Structure formats: structure tokens, C-alpha cells
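Position one of the sequence shown corresponds to residue 28 (the working numbering), numbered consecutively onward.
Note that beta-carbon positions come from the ideal geometry of N, C-alpha and C, so glycine has one too.
Fair warning: this is a prediction, and the values are worked out from it, not measured in the lab.
For reference, the structure discussed in these notes is given below.
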Amino acid sequence: MSFMVLNTGRVASQYFYINLKMQKNVIMPSRYKFDKVVKSFIKRRYTKPFKNFINYQKQSLQKRPDSIFGIVFHSARRNLIYPLNSDRNIEFLKVCRDELDLNTIFFPVREPDKVFHSELNRQLARLAGDWSFPLGMNGWRKIWKINDCINLENETIDPDEVSGFLPNKITQNDLKQFSRDFIIVNSKIFSLYKLFKKVFDNVIVFDYSYLFKSPELVFSSMAKEAGFSISDLSLTQTRLNSLPNRFMIYNSFTLQIDKKTQIDWEKRGIKRTINDGLRQKISFNKIFREKQNPFLRFCRFKFEISKVISICEDWGKYKPLVPIPTNLMPFTQRAIEAELSLGLHSDDILFFSKDELDEIHKIIFAIICPRFDMNFKILFDYYKNNVYYKDIPTGKLYDNFIKINKQEFININQLLQSSRFLLYDKDIS
28 MSFMVLNTGR VASQYFYINL KMQKNVIMPS RYKFDKVVKS FIKRRYTKPF KNFINYQKQS
88 LQKRPDSIFG IVFHSARRNL IYPLNSDRNI EFLKVCRDEL DLNTIFFPVR EPDKVFHSEL
148 NRQLARLAGD WSFPLGMNGW RKIWKINDCI NLENETIDPD EVSGFLPNKI TQNDLKQFSR
208 DFIIVNSKIF SLYKLFKKVF DNVIVFDYSY LFKSPELVFS SMAKEAGFSI SDLSLTQTRL
268 NSLPNRFMIY NSFTLQIDKK TQIDWEKRGI KRTINDGLRQ KISFNKIFRE KQNPFLRFCR
328 FKFEISKVIS ICEDWGKYKP LVPIPTNLMP FTQRAIEAEL SLGLHSDDIL FFSKDELDEI
388 HKIIFAIICP RFDMNFKILF DYYKNNVYYK DIPTGKLYDN FIKINKQEFI NINQLLQSSR
448 FLLYDKDIS
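Structure representation (C-alpha cells):
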């Protein structure tokens with residue numbers, strides 16, 4: 028049997044994904060892996076990714092026969108077709124039920140005002156660059172070369188470097204029509220419930236707020252319902268969906284090592300030798316990459332909560348390279364409230380010797396970390412003061428949201444009020 032957690036609308040799907048993947052007998056593919064399957068099947072009418080996903084599930088369960096398979100459906104509102112009761116949606120869900128042995132759907136529900144507020148701020152963040160640092164701000168780059176780092180070595184970091192990179196203020200009036208439509212039209216939560224209820228018997232509606240009032244209760248109840256055991260809840264108090272966490276997620280970077288740098292390193296005794304056992308693990312794609320351009324190597328990095336690096340695979344598999352020393356990135360570390368590490372993409376780690384990785388992380392600590400931390404602080408203040416609304420703004424957008432979705436939320440609220448926590452209501456059609 029398999030289970031699914033449905034992102035019904037701003038319900039912290041990453042929080043569910045990471046904490047469920049922490050459990051020893053839960054197999055949890057990345058959210059984006061399943062999103063691609065959905066988009067291909069429903070919108071492109073291309074079934075091969077789904078067939079590959081079925082094989083992935085079978086192989087995973089063969090390797091871990093005592094485990095249960097779980098899915099976090101992150102992009103339900105974006106990748107399902109409207110109206111929600113369309114035949115194409117129903118066909119896809121039936122195939123999931125039958126081919127993936129999917130029988131339990133967890134359906135967290137958020138209050139309508141909070142859905143609107145969160146979705147509004149998310150759409151405004153798109154206008155500000157999706158939490159990404161503007162290129163050039165304090166020398167920031169998505170792709171760094173060693174020479175870039177050397178050139179920035181003596182340049183000062185400006186704590187006020189916002190002018191010219193970001194607009195002075197972003198408001199709801201700046202939203203494009205498609206963003207306004209998404210906020211309003213894609214909040215039909217009871218229609219979403221009825222779609223899944225047509226296909227699945229066990230659709231469990233519960234109040235999203237319990238996730239933060241009592242996360243242990245939520246996950247233990249989910250475990251009992253879906254048939255897995257709880258082994259690690261150490262990240263339930265970590266701020267995995269906070270604004271500070273967004274800046275870490277969306278500001279990964281790549282470091283390039285060109286031939287000149289390689290020659291300089293060799294002169295300094297920094298060896299390139301890679302263990303033969305490791306080289307045997309290098310994929311053909313990576314060998315081809317190196318042969319295609321032997322004068323340029325690269326490695327992908329991100330800053331992340333230490334415990335999360337090896338768990339979250341939404342952006343590929345990363346491994347912790349080295350912990351971030353205390354006070355190296357003081358604002359970031361205070362805002363995240365957890366130990367941070369420098370993560371290196373697992374595909375790239377095989378191309379570098381230990382000596383090279385030691386040299387790389389020293390360069391990152393000296394040049395990139397201080398700039399990341401300052402830009403983090405600048406954008407954190409900017410989003411709080413110039414992008415995000417602290418309270419729901421009045422106006423036509425909110426009025427239309429309530430008008431169009433009022434009955435949807437009344438119906439779903441009746442489900443919540445007539446049931447206990449995580450109680451499956453068999454009488455709702």
C-alpha cells in the first residue's frame with residue numbers, strides 16, 4: 028500500500044516531505060520527481076515518465092520490502108486541469124490508485140484567509156525574483172570562477188546595496204492578471220476534495236494548524252493510518268518553510284575551475300589525483316562531460332541545514348562537505364536557528380580530490396560566505412518591509428477571492444467540524 032500527502036494550498040509540502048523521508052521505513056521520492064510525472068501525463072499526454080516512476084517504486088520496495096511508499100503531491104493546483112472534475116484528472120488518479128497501489132490520501136486544510144495571505148505573498152515574491160539574490164549585488168554570481176573570487180578579495184561588502192537591483196516597493200497592484208487568477212481560481216479546495224473522493228475511498232481531511240500545534244500527533248496519526256512507523260521527528264521543530272529558508276534554497280551556486288587555476292594549484296602541490304575506487308563510480312555522462320571540455324571543471328554547491336542536506340532531493344542529491352563555522356555567516360545562522368553546512372552535489376564530488384575540495388571550501392568561506400550572508404540580510408529586510416504583507420490588504424482581489432470561494436470553504440469547513448482529527452468521513456460525496 029502507498030499513501031499521498033496532497034498540497035491543497037500553501038500547506039508546507041516541503042515540511043511534510045522532509046519529515047516523512049526521515050522515517051526509516053518510508054520511501055519518499057522527491058516532490059519534483061512526481062510533479063514531472065503529473066505534468067507529462069496530464070498536460071503533455073506522455074506516459075513514459077509515469078512508467079519509469081512505477082519501475083522506480085517497484086525497485087525501491089524490492090530493496091526495502093519492509094517499507095511503505097509515500098508521495099507528496101506538491102503542484103496539484105498547477106498541474107491538474109481545470110475544471111478539476113475533468114476526465115483527464117480522474118484518469119490519472121485512477122492509474123495512480125491501480126498502478127502505485129495508492130489507497131490513502133492525506134488532505135490538510137488551511138483557513139481561507141491564511142491561504143489567501145500566503146498565496147498573495149508567494150506571488151509577490153515572484154515579482155521580486157523568487158528569493159534569488161540579484162546578480163551583481165555585492166559581487167553575487169550564480170556561476171563563480173576562481174578568478175572572480177580573487178578579484179573580489181579586496182572589495183568591501185555594502186550593507187545598503189539595494190538601489191538599482193530591486194524596485195522600491197512591490198504591492199498587490201503590481202500583480203499580473205495570471206497571478207491574480209491563480210490566487211482566486213486555484214483555491215477551490217472542496218472541488219479538489221470531491222475529485223480525490225471520486226477515486227479514493229480513504230481521503231483524510233485534517234486541520235493544517237495542528238501541524239505546528241502538535242506535529243508529533245500529526246505524524247504519529249499519519250503513521251498509524253498509512254502503516255509506517257515513526258523513527259525520527261528531530262526536524263519537526265525546524266523552520267523548513269520560513270522566509271530565511273527560502274533564501275538558502277533559491278541561492279545555490281556553481282564554482283568553475285579552469286585550466287589556469289588547475290596549473291596554479293599543481294604548482295602549489297594541490298593534487299588532482301582521484302581514488303580509483305571513486306573513479307569507477309563516475310557515470311558515463313560525467314566522463315563525457317570532462318572529455319567534452321577538459322579545461323573546465325565545475326561543482327555545484329548550496330548552503331543548507333546540516334540534517335536536511337542528505338534528506339532533501341528536490342534539487343538533486345547533495346552531500347555535506349563541511350559544517351559552516353560559528354559566526355562565519357552570523358545573520359543567516361541566527362535566522363535559520365539550526366546548524367548549517369556547505370553541501371556539494373553528489374555527482375560532482377567524484378571529480379575532485381580531497382586536496383582540491385579543501386582548497387575550494389576555503390575559497391568559499393573567505394569570499395562567497397560573507398557575500399551570501401550580507402545579501403541574505405539585505406533581502407530578508409527587503410522582503411519583510413517592501414514585498415510581504417504583514418496583514419491581508421483590502422481591495423478587489425481579496426473581495427473576489429472570498430466571493431468566488433466562499434461556498435468552497437464553507438463545505439470543507441463542515442468536513443472539519445463534523446470530524447475528529449484525521450477522521451475519515453465516509454458520508455461525504
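Give the straight-line distance between the Cα atoms of residue i and residue j, rounded to the nearest whole angstrom.
i: G343; j: K75; result: 21 Å
i: F328; j: N432; result: 42 Å
i: I45; j: S248; result: 17 Å
i: S102; j: P271; result: 22 Å
i: S40; j: S258; result: 20 Å
i: F143; j: Y220; result: 18 Å
i: S67; j: K78; result: 11 Å
For residue i, name the three-state secondary structure that DSSP assigns.
i: Q264; result: coil
i: D341; result: strand
i: P139; result: helix
i: D234; result: strand
i: L162; result: coil
i: D285; result: strand
i: N413; result: helix
i: L129; result: strand
i: F30; result: strand
i: F280; result: strand
i: D454; result: In this predicted model, D454 has a pLDDT of only 39, less than 50, meaning its place in the structure is not dependable; the value taken from the coordinates is given anyway. In this structure, D454 counts as coil in the three-state DSSP scheme.
i: F428; result: helix
i: F436; result: helix
i: F255; result: coil
i: L442; result: helix
Kindly indicate which residue of the options has the alpha-carbon position closest to the one of residue i.
i: S279; options: I108, C326, N268, D259; result: C326
i: V212; options: N438, F436, I437, F428; result: F428
i: Q283; options: F436, G254, I390; result: I390
i: R153; options: F205, R124, F255, Y73; result: F205
i: L371; options: V335, I437, I363, P357; result: V335
i: I95; options: F30, W171, K346; result: F30
i: R266; options: I439, R361, F227; result: R361
i: I439; options: N181, V136, R124; result: V136
i: Q50; options: S261, Y235, T35; result: S261
i: C123; options: P352, D382, M275, M28; result: M28
i: N24; options: K85, Q150, Y59; result: There is no way to answer for residue 24, as the model of the chain reaches only from 28 to 456.
i: Y416; options: N200, L244, M356, D374; result: N200
i: D408; options: P186, Y235, V349; result: P186
How close, in whole Å, do the beta carbons of residue i and residue j come, if the pair is a contact with beta carbons under 8 Å?
i: A155; j: L193; result: 7 Å
i: F43; j: V99; result: 5 Å
i: K346; j: I376; result: 6 Å
request  = Can you check the segment 32-115 for any beta strand (DSSP E) of at least 3 residues that lies completely inside it and give the ranges in chain order?
outcome  = 95-100
query = Where are the alpha helix (DSSP H) runs, 4 residues long or more, that stay fully inside the segment 321-406, in chain order?
reply = 333-336, 357-363, 381-390
Length at least 3, wholly inside the segment 164-232: the beta strand (DSSP E) runs in chain order = 170-172
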